[in-house]
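Asker: Okay, handing you the structure first.
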Amino acid sequence: IEWLERVYLPQTTPADDSDARLIILDGHGSHATPLDNGVFNASKAAYRRELEKFASLTDSAPMDKVNFIRAYAKARRVGMTEKNILSGWRVTGNWPISRAKALRHPEIQEDRPNGSPRATPEPRPYFDSDDTPQTSRQIRDLGLNKTPKTRRRYSVIAKGFEAQQQTVAAHTLRIASLEEELARLKRGKKRKAVPNPNKRFMALGETLAGKESIPEGATQNMPVVVESVCSSEQESESEAGSVIEVREENVPHQPPRRSRRVAKKTRVQ
Numbered sequence: 001i002e003w004l005e006r007v008y009l010p011q012t013t014p015a016d017d018s019d020a021r022l023i024i025l026d027g028h029g030s031h032a033t034p035l036d037n038g039v040f041n042a043s044k045a046a047y048r049r050e051l052e053k054f055a056s057l058t059d060s061a062p063m064d065k066v067n068f069i070r071a072y073a074k075a076r077r078v079g080m081t082e083k084n085i086l087s088g089w090r091v092t093g094n095w096p097i098s099r100a101k102a103l104r105h106p107e108i109q110e111d112r113p114n115g116s117p118r119a120t121p122e123p124r125p126y127f128d129s130d131d132t133p134q135t136s137r138q139i140r141d142l143g144l145n146k147t148p149k150t151r152r153r154y155s156v157i158a159k160g161f162e163a164q165q166q167t168v169a170a171h172t173l174r175i176a177s178l179e180e181e182l183a184r185l186k187r188g189k190k191r192k193a194v195p196n197p198n199k200r201f202m203a204l205g206e207t208l209a210g211k212e213s214i215p216e217g218a219t220q221n222m223p224v225v226v227e228s229v230c231s232s233e234q235e236s237e238s239e240a241g242s243v244i245e246v247r248e249e250n251v252p253h254q255p256p257r258r259s260r261r262v263a264k265k266t267r268v269q
């Protein structure tokens, strides 16, 4: 700034104030240049986004001067901001002055010795285009080395695939919970043996009708299987509460009674 105020501006002042002046500064590739580390990076990123929008709308039409000026004007408004300008000066250590930031910049660091080579990540296995993709990452890999438009389409397909995977996972969880509930209900459907009082009374009636002696133990508990299917736990509890408990007592053995006939006496006259 001091050089501009004392040297450049006084020596290049035009006669007409409306005339423009051009200054070309060398060394823009230096790591200490605020423009490269702040303003230009943001402007280039914004300009690339505008180019992508233009390519998506006009397909493969070439970029003409009018569209270039429009895209650059939008990118300049995004990149040439006070925040980006101050950030460039701060990152390079020019202001506030910080020599440590300038010396720690990656572009001026010493190369690593041969004894400690930098660890390189393992390359991912090649995914052939003839294979069926199983993950969204494999779908995106199919768009590698393609045009930007094709890569965007593969990215959209990958997002749709991820949404379908989430839906399938939710349905799988729902099915598992329903199967568990069904198994629990099946475990509640059991057959319960309860005594049938009608069976006991019928046996006593048949024995008395035939005038046979009732053997001991014949009237003991005679369980009869009654199918009581519970559709749910609540029904099984209500049915279990409605079962009538019948207690059977031992009937003492009694000999059969013989009918007494009354003999009529004849009167002798």
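Numbering (the UniProt record's numbering), first residue to last: 1 to 269.
In this text, a Cβ means the ideal position worked out from N, Cα and C, and glycines have one as well.
Just so we're clear, the structure is a prediction, and the values are computed from it rather than from any experiment.
Can a CB atom of chain B be found closer than 8 Å to the CB of M80?
Answerer: Among the chains in the structure shown there is no chain B, since it carries only a single protein chain.
Asker: Distance check for A42 and E82, CA to CA, integer angstroms please.
Answerer: Whole-angstrom Cα-Cα distance: 12 Å.
Asker: So the candidates are V91, Q11, L182 and P148; which of them puts its Cα closest to the Cα of T33?
Answerer: Taking only the C-alpha atoms, the option nearest T33 is V91.
Asker: Run through DSSP, which three-state label would S18 get?
Answerer: Coil, per DSSP.
Asker: In the structure shown, what three-state DSSP assignment does W95 receive?
Answerer: The answer is coil: DSSP assigns W95 none of H, G, I, E or B.
Asker: Helix, strand or coil: which one does DSSP assign to Q166?
Answerer: Helix.
Asker: Please classify S136 as buried or exposed, where buried requires at least 16 neighbouring CB atoms within 10 angstroms.
Answerer: By the neighbour-count rule (16 or more Cβ atoms within 10 Å), S136 is buried.
Asker: With DSSP run on the structure shown, which of helix, strand or coil describes R70?
Answerer: If DSSP states are grouped into helix, strand and coil, R70 belongs with the helices.
Asker: Find out if the Cβ-Cβ distance for the pair R6, T12 is shorter than 8 Å.
Answerer: No; because the gap between Cβ atoms is not below 8 Å, this pair is not in contact.
Asker: Can you list, in chain order, the residues of its chain whose CB lies under 7 Å from that of A71, leaving out five sequence neighbours each side?
Answerer: Cβ within range, chain order: Y47, E50, L51 and F54.
Asker: Give the range of the alpha helix (DSSP H) segment to which A42 is assigned.
Answerer: Where A42 is concerned, the enclosing alpha helix (DSSP H) stretches over F40 to T58.
Asker: Using the beta-carbon count (16 or more within 10 Å), is N145 buried or exposed?
Answerer: Looking at its Cβ environment, which holds fewer than 16 other Cβ atoms inside 10 Å, N145 is exposed.
Asker: Beta-carbon separation of I1 and V39 under 8 Å?
Answerer: No, the Cβ-Cβ distance between I1 and V39 is not below 8 Å.
Asker: By alpha-carbon positions, which one of T150, P148, H105 and S155 ends up nearest to I139?
Answerer: It is S155 whose Cα lies nearest to the Cα of I139.
Asker: Going by DSSP in three states, P10 sits in which element: helix, strand or coil?
Answerer: Correct three-state label for P10: helix.
Asker: Buried or exposed: A45, going by 16 or more other Cβ atoms within 10 Å of its Cβ?
Answerer: So A45 ends up on the exposed side.
Asker: Are A102 and G88 touching if we call contact CB-CB under 8 Å?
Answerer: The answer is no: Cβ separation not under 8 Å.
Asker: Near G79, which residues of its chain fall below 6 Å by C-beta distance, leaving aside the five closest residues on each side in sequence?
Answerer: For G79, where only same-chain residues beyond five positions count, the Cβ hits under 6 Å are V39, A42, S43 and A46.
Asker: Would you decide whether A75 is buried or exposed? Buried here means 16 or more other CB atoms lie within 10 Å of its CB.
Answerer: By the 10 Å Cβ count, A75 comes out buried.
Asker: Would you kindly work out how many angstroms separate the C-alpha atoms of E110 and R104, rounded to a whole number?
Answerer: The alpha-carbon atoms of E110 and R104 are separated by roughly 10 Å.
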